[in-house]
Amino acid sequence: MNVVKKVTATDADNSTAQDAKNWQGNYDKMIGKDRATRNRSGVAIEPLYYPENDPDGAYAQKLGFPGDGPTTRGIYPTMHRGRTWTQRQLIGLGRPEDFNERIKSILRSGASALSIIPCNSVYRGLDCDDVEPELLGTCGTVINSEEDMDISLRDIPIDEISIGLNDPSPFTMLAQMLVVAERRGIPWTKVTGTSNQSDYISHFVANHMFYRLSLPGARRVLMDTMTYCAEHVPNWNGLSVVGQHMQQAGATPAQAMGLTLSTAIQYAKDCQSRGMDPDKFLQRFTFFFDISVSFFEEVAKFRAGRRIWNNLCKERFGATDPRAMRFKFHGQTSGCDLTRQQPLNNIARVTVQAMAGIFGGLQSLHTDGYDEVLSTPSQDSAKIAISTQNILKHEAHLVDVIDPLGGSYYVESLTDAMEEEILKVIAQIDAEGGMYKAVESGFVQHMIGASALEFQDQVDSGEQIVVGVNAYQEEEDAASRPVLERPSKEDMEAQIARLTKNKADRDQAAFEAAMKNLREVAQSEDGNIFGAEIDAVRAGASQGEIIALLREELGFGQPLVVA
Amino acid sequence: MNEVLTTPARVLVTKIGLDGHDRGSRIIAAFLRDAGMEVIYTNPWQKIDAVVKLAMEEDVDVVGISSLATDHLLVPKLMKALAEADLAHIRVVVGGIVPDEDEADLIASGVSKVFHPGAGREEIVETVDALAKAAAKDRPLD
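So the sequences go chain by chain: A and B. Heads up: the first sequence is residues 1 to 563, going by my numbering. Heads up: the second sequence is residues 1 to 142, going by my numbering.
Right, here's the structure in full:
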């Protein structure tokens, strides 16, 4: 394949050259001072490689230049050569004090954004005084009140750092964080980040962990929150559409991408029916995907998904602003690929998964600790996971060239084939009446369940080799197992005592009034539930109290049981 | 001629505690069902009392607890509750993410078997089948 490295004026008569020139202009504007990049042999490394000619227009139509056209090659003109992905590690353990200490250590070791994972009791919508104490803080941080949030974020400049909240509907953690910002004098316009567990459809289908309200209740709260944030917290990404749950629950990569895009279509329709402007609300959509170890399949999945979403935004929603068509995504390496056997091998798996995500053009990356399959990740394994990203960046130089696999016969053909498979899934969901209906009926759950079984059969039959599990087995090496970290009983007793004190010390009249108002808003058709939640947090309501009230009014649906 | 009446094993597949990751419990339920067992499957987040009640009402031989995120720490409480309800003959297996340090505690509390990630279909089906037969033998006469 011919490549040109620099565009010269004489090339301007063919359209590729014109597009290339446009790209180069945007690139120069965005990159600031470009790095002089040479490999060890002294060869100069250009930021982008592309064909010299495009006689039938196929390149422009299917690939185009980064930040332009179908965005198959990336959503920004500079991609990782300019700003590399955000290193966003998910952590959470113990008390807010423990979280705060660990997040500071992770930020010091190179992470550039933070994520908060609350305890499973929080995911269930229960306060710490309402659950079996031995489970508290074993998988996430116990955050029930505004004070807990304040302590978790102590010394963290929340107006300067992007924050990911693992905060399912009704978004009590976001409400707590906004009140913390308010008390610190930080305007909400400076708060940036993402509600990482806002996609209630994915919870209903594939990850019941985060399923807290009924399907229609969650639908209303999401729309209320997006409307509220559009007005008051304009830089907050209120929606992250999660393909990760579907794939972790067993969907194939193509199914996971298709179902995720169908989910996003559903949310976009819901936003439109609220009268919101696609060119505005689509800019706040982000995606969250699983990255499996099936390297080329994942690269092609992301490239195809990006192309499809770009087209969908234009064709289905009439978006005209290019920023509204950007397929911004966070990737997490797949925990399902990790093995308990020979656990250090997982470091190699995570490396390959991370590479697939990087070549797929992600904006933010979480690499799993190698010990996730044994227990909640240890501090040491979390550090190795971050180092893996730094090694790929600085030693392997994966960030020097934009879409380095673009143009490969295999990768382009596979991208087309994955696109076809993904479009088939979207068509199936369309035929079911959209994603909301397709999960209400159990159609999607059946699809995912069947794929999960099929993959397990492939592993059981040996058709799919898994090193250390069904091939290359070895005697177990218990010495490589990390030491388990669990919060102490005393710590959790102190945590419960703090909540009890919070509840006793608050202005009870103000608390009652705020809760009464929240109930009335939830009962009425209009009024914004999220705004009323923020008022309740200001008045000292705990997350368990807010969620219990909303469950009474909006329903607490159980997931469908589909065998 | 001695005709042996064989009834299929009855297995309750469930999750206790707070976690809702149920890919594992769904797959196991499907495995056991396809192997000819009678499977009673529940949503996640069951309370221990509810599991005991269901085990009794459904007259199961084996209870399978799936755990991804530390809910296995509640299993010793379940074992105690089963014994108190005169259901000590029921065999309990746990599958999922169970750290080595915790496995010994589970076995000491009376759990018959802990399956870790990577356990194969055949091994699971055979083990549960054998445990169900043992439980049926130990079942107190009414």
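Idealized CB from N, CA, C, for every residue including glycine. Since we're looking at a predicted model, the values are computed, not measured.
Check the Cα spacing between Arg-38 (chain A) and each of A:Asn-196, A:Gln-363, A:Ala-396, A:Ala-438: the tightest is with A:Ala-396. Under the Cβ distance rule, Asn-120 (chain A) counts among the residues neighbouring chain B, one pair being separated by less than 8 Å.
For Ala-113 (chain A), there is no enclosing alpha helix (DSSP H); the residue is found in the beta strand (DSSP E) stretching over 113 to 116. Taking 8 Å as the threshold, the shortest C-beta distance from Asn-207 (chain A) to chain B falls below it.
A contact between stretches requires three or more CB pairs, one per stretch, nearer than 8 Å, and the stretch 388 to 402 of chain A meets this requirement with the stretch 76 to 90 of chain A. Taking a Cβ-Cβ threshold of 8 Å, the residues of chain B close to Glu-134 (chain A) are Leu-73, Leu-74, in chain order. Contact check for Leu-136 (chain A) against Met-492 (chain A) passes: the beta carbons are separated by less than 8 Å. Asp-290 (chain A) is bridged by DSSP to A:Gln-332.
Pairwise C-beta distances place the stretch 33 to 49 of chain B out of contact with the stretch 136 to 147 of chain A, as fewer than three of them are shorter than 8 Å.
The Cβ atoms of Leu-12 (chain B) and Gly-96 (chain B) do not sit closer than 8 Å to each other.
At a cut-off of 8 Å between beta carbons, Asp-49 (chain B) makes no contact with chain A.
Secondary structure in the stretch 308 to 368 of chain A: the alpha helix (DSSP H) runs of 4 residues or longer, each lying completely within the stretch, are 345 to 359 in chain order. Closest option to Gly-118 (chain B), judged by alpha-carbon separation, among B:Ser-109, B:Asp-61, B:Ile-27, B:Lys-53: B:Ile-27. Put simply, of B:Phe-115, B:Ala-69, B:Val-75 the residue whose alpha carbon is nearest the alpha carbon of Arg-486 (chain A) is B:Ala-69. Counting only the Cα atoms, Gln-61 (chain A) lies some 36 Å from Ile-163 (chain A).
Remark: C-beta atoms of Tyr-200 (chain A) and Leu-174 (chain A) do not approach each other more closely than 8 Å. Interface criterion not met: the Cβ of Pro-8 (chain B) is under 8 Å from no Cβ in chain A. Assigned with DSSP and collapsed to three states, Phe-115 (chain B) falls in strand.
Between the stretch 351 to 369 of chain A and the stretch 97 to 108 of chain B there are fewer than three C-beta pairs closer than 8 Å, too few to call the two in contact. Looking at the DSSP output, Arg-40 (chain A) shares a beta bridge with no other residue. Taking every protein chain shown into account, the CB of Asp-505 (chain A) has fewer than 16 other CB atoms within 10 angstroms, so this residue is exposed. Per DSSP, Gly-258 (chain A) is one residue of the alpha helix (DSSP H) stretching across 253 to 273. Going by C-alpha positions, Gln-464 (chain A) is about 5 Å away from Gln-458 (chain A).
Counting the other Cβ atoms within 10 Å of the Cβ of Lys-113 (chain B) gives 16 or more, which makes it buried. Taken in chain order, the complete beta strand (DSSP E) segments of 3 residues or longer contained in the stretch 24 to 52 of chain B are 38 to 41. For Met-515 (chain A), the closest of A:Leu-550, A:Thr-71, A:Tyr-409 by C-alpha to C-alpha distance is A:Leu-550. In summary, Asp-224 (chain A) is buried, with 16 or more beta-carbon neighbours lying within 10 Å of its beta-carbon over all protein chains present.
Around the C-beta of Asn-346 (chain A), 16 or more other C-beta atoms lie within 10 Å, and the residue is accordingly described as buried. Residues of chain B with a Cβ closer than 8 Å to the Cβ of Gln-543 (chain A) do not exist; the shortest Cβ-Cβ separation is about 14 Å. In this structure, the straight-line span from the alpha carbon of Asn-528 (chain A) to that of Tyr-228 (chain A) is close to 7 Å. The three-state secondary structure of Gln-379 (chain A), taken from DSSP, is helix.
Membership of Ser-152 (chain A) in the alpha helix (DSSP H) is indicated by the continuous run 146 to 152. Across the set A:Ala-536, A:Leu-239, A:Ser-292, A:Thr-84, the C-alpha of A:Ser-292 shows the shortest separation from the C-alpha of Thr-252 (chain A). In the structure shown, the three-state DSSP call for Phe-443 (chain A) is helix.
Taking a Cβ-Cβ threshold of 7 Å, the residues of chain A close to Thr-70 (chain B) are Leu-135, Thr-138, Cys-139, in chain order.
At the C-beta level, Phe-281 (chain A) and Met-226 (chain A) come within 8 Å of one another.
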